[in-house]
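If you use the numbering used here, the sequence shown corresponds to residues 108 to 281, in order.
From the three backbone atoms N, C-alpha and C, an ideal C-beta is built for every residue, glycine too.
Report on the structure given below.
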Amino acid sequence: MKYAVIYQSKSGNTRKIAREIYEAIDSDEKEIYDIDSKGEVPEADLYFVGFGIRNGICGVDILDVLEELPESRLAFFATCGFLATEQYRKNLEKRLDVWIPEEAEYMGMFLCQGNVKPDNRATIIEKMPQQADKLRQMFEVGSTHPDEDDLSRACQYAREIQQMAERSGSIPIW
């Protein structure tokens, strides 16, 4: 089975997770690909697709890549500036569902908080001044993320997805 870890990282948060996932995949047939490199997306049986969340969704470049993967197995990973709660992940999955090719097998999503750059913090606070104190606290908590625990959980996620893919021809929705 061939694996590809494809990602887009504007702040470096998603890149850290991508590298951990790549290292966790137990296979000689794996590639890691930064979509901003503008090369061709590698051929694979299972794609780990990673992105930072901007305005509640992934970037257009990631959506374009998803269109190129119609009959693939897809496992997402993402970083966000907000608290990475279970409800936030579920809402994100609902928004992404319309972009997942109909023939693709969706395998799950890993989500963790990421550090928000100071310039971006100011912009977000300007858009939501009534929540400025709460946002500042959240950004402070996120300033150390992704941390070692996040990286460890990303590795565990990658291994579980790989095991699921190798055990069965059909993948249950996670």
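If you run the structure through DSSP and keep just helix, strand and coil, what is residue i?
| i | result |
| --- | --- |
| GLU136 | coil |
| THR121 | helix |
| MET271 | helix |
| LEU199 | helix |
| GLU127 | helix |
| PRO225 | helix |
| LYS241 | helix |
| LYS145 | coil |
| ILE280 | Because ILE280 carries a pLDDT of 41, less than 50, the predicted location of this residue cannot be relied on, and no value is offered for it. |
| ASP254 | coil |
| ILE231 | helix |
| GLU150 | coil |
May I have the straight-line CA-CA distance separating residue i from residue j, to the nearest angstrom?
| i | j | result |
| --- | --- | --- |
| LYS123 | PRO236 | 31 angstroms |
| PRO177 | PHE183 | 15 angstroms |
| PRO225 | GLN269 | 36 angstroms |
| PRO279 | ALA191 | Its pLDDT being 42, under 50, PRO279 is placed unreliably by the model, and the measurement read from it follows with that caveat. PRO279 and ALA191: Cα-Cα distance of roughly 23 angstroms. |
| GLN115 | ALA125 | 9 angstroms |
| ALA131 | GLU233 | 39 angstroms |
| ASP257 | ARG180 | 23 angstroms |
| ALA261 | GLN238 | 30 angstroms |
| SER277 | GLY215 | Here SER277 scores only 48 on pLDDT, less than 50, and its place in the model should not be relied on; the value that follows carries that caveat. Roughly 14 angstroms between the two C-alpha positions. |
| THR121 | GLU127 | 10 angstroms |
| LYS241 | ASP152 | 42 angstroms |
Strictly by DSSP, which residues pair up with residue i?
| i | result |
| --- | --- |
| THR186 | GLY159, CYS219 |
| VAL346 | The structure shown does not extend to residue 346, since the chain is modelled only from 108 to 281, so the question has no answer here. |
| ILE164 | ARG161 |
| TYR264 | Beta-bridge pairing links TYR264 to no other residue. |
| GLU212 | ARG180 |
Comparing alpha-carbon positions, which option in the options lies nearest residue i?
| i | options | result |
| --- | --- | --- |
| ILE160 | ILE169, ILE113, MET271 | ILE169 |
| TYR110 | TYR129, ASN120, LEU173 | TYR129 |
| PRO149 | GLU267, GLN194, LEU173 | LEU173 |
| GLY157 | ASP133, GLU212, GLY119, ILE231 | GLY119 |
| GLU200 | GLU210, GLY188, PHE217, MET108 | PHE217 |
| LYS117 | ALA229, MET271, ALA265, VAL223 | VAL223 |
| LYS145 | ILE113, PHE155, ALA265, MET271 | ILE113 |
Does the segment 250 to 259 come into contact with the segment 195 to 207, if we say contact requires no fewer than three beta-carbon pairs (one atom in each stretch) closer than 8 angstroms? These segments do not touch.
Say whether the segment 242 to 250 touches the segment 127 to 147, bearing in mind that this needs 3 or more beta-carbon pairs closer than 8 angstroms, one atom from each stretch. Taking 8 angstroms as the limit for Cβ pairs, the verdict is that the segment 127 to 147 does not touch the segment 242 to 250.
Pairing CB atoms from the segment 162 to 173 with CB atoms from the segment 119 to 138, are three or more of them under 8 angstroms? No, because fewer than three Cβ pairs between the segment 162 to 173 and the segment 119 to 138 fall closer than 8 angstroms, the two stretches do not touch.
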